[in-house]
Amino acid sequence: MTKYRLLTEVDRPEIEKLWNATDIPKFPTSYPEIVAERDGEIIGFVAIHHNQECVLVEPMLCQGPATYWGLWHALEAIFKSIGVTNYSFRLEPHRVAHERLANSRVKKGELKSLGYYGGFFWYERAVA
464 MTKYRLLTEV
474 DRPEIEKLWN
484 ATDIPKFPTS
494 YPEIVAERDG
504 EIIGFVAIHH
514 NQECVLVEPM
524 LCQGPATYWG
534 LWHALEAIFK
544 SIGVTNYSFR
554 LEPHRVAHER
564 LANSRVKKGE
574 LKSLGYYGGF
584 FWYERAVA
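Position 90 (the sequence shown) corresponds to 553 in my numbering; numbering is contiguous.
So this is what it looks like as structure tokens:
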């Protein structure tokens, strides 16, 4: 069973290992930083990143759609608790599997496509 919880300092080396296995550039992250843990091993991570234009939900580091959506729901529970009603996120064009998953959620009405801007596909989601 996968457990979703806030990151602790002890988790950072495992997050580094996950991040190093991707082509995603490193940048500072901030609260909420959430990990997916299974059998004592960190298998996923999501956080918030502040850039010059906005606050982004990134990086999303995980394998498989179940962990992906588990991390989203854990993040949304925190958003809901602090009064966030909706948020936007972006996907890089070469993340085809993530784009397919997002577009399937658009068709189900769970996401709204905001189109392509600045080299990314943008989506909006309401916090239920």
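Glycine included, each C-beta is placed from N, C-alpha and C at the ideal position. Bear in mind that the values here come from a model prediction, so they are computed numbers and not experimental data.
Quick one: is residue i near chain C, going by C-beta distance under 9 Å?
| i | result |
| --- | --- |
| Phe542 | Absent here is chain C; the protein component of the structure consists of one chain. |
Using only the alpha-carbon positions, how far apart do residue i and residue j sit?
| i | j | result |
| --- | --- | --- |
| Ile497 | Tyr467 | 7 Å |
| Leu481 | Lys570 | 30 Å |
| Leu534 | Pro495 | 11 Å |
| Leu524 | Val547 | 23 Å |
| Leu470 | Glu500 | 10 Å |
| Glu573 | Asp502 | 30 Å |
| Asp474 | Ala591 | 29 Å |
Can you find the residues in the same chain that come closer than 8 Å, C-beta to C-beta, to residue i, ignoring five residues on each side of it along the sequence?
| i | result |
| --- | --- |
| Leu564 | Pro528 and Tyr531 |
Buried or exposed, going by whether 16 or more other CB atoms sit within 10 Å of the CB of residue i?
| i | result |
| --- | --- |
| Pro589 | Correcting the residue identity first, residue 589 is Ala in this sequence and not Pro. Answer is exposed; the Cβ neighbour count stays below 16. |
| Ile505 | buried |
| Val518 | exposed |
| Ile545 | exposed |
For the beta strand (DSSP E) containing residue i, name the first residue and the last one.
| i | result |
| --- | --- |
| Glu496 | Ser493 to Arg501 |
| Ala607 | Because the chain in this structure spans residues 464 to 591, residue 607 falls outside the shown range and cannot be described. |
Is residue j closer than 9 Å to residue i when the C-beta atoms are compared?
| i | j | result |
| --- | --- | --- |
| His512 | Thr492 | yes |
| Leu538 | Phe584 | no |
| Tyr550 | Glu587 | yes |
Near residue i, which residues of its chain fall below 6 Å by C-beta distance, leaving aside the five closest residues on each side in sequence?
| i | result |
| --- | --- |
| Val520 | Phe552 |
Name the two residues that bound the continuous alpha helix (DSSP H) containing residue i.
| i | result |
| --- | --- |
| Ile541 | Pro528 to Ser544 |
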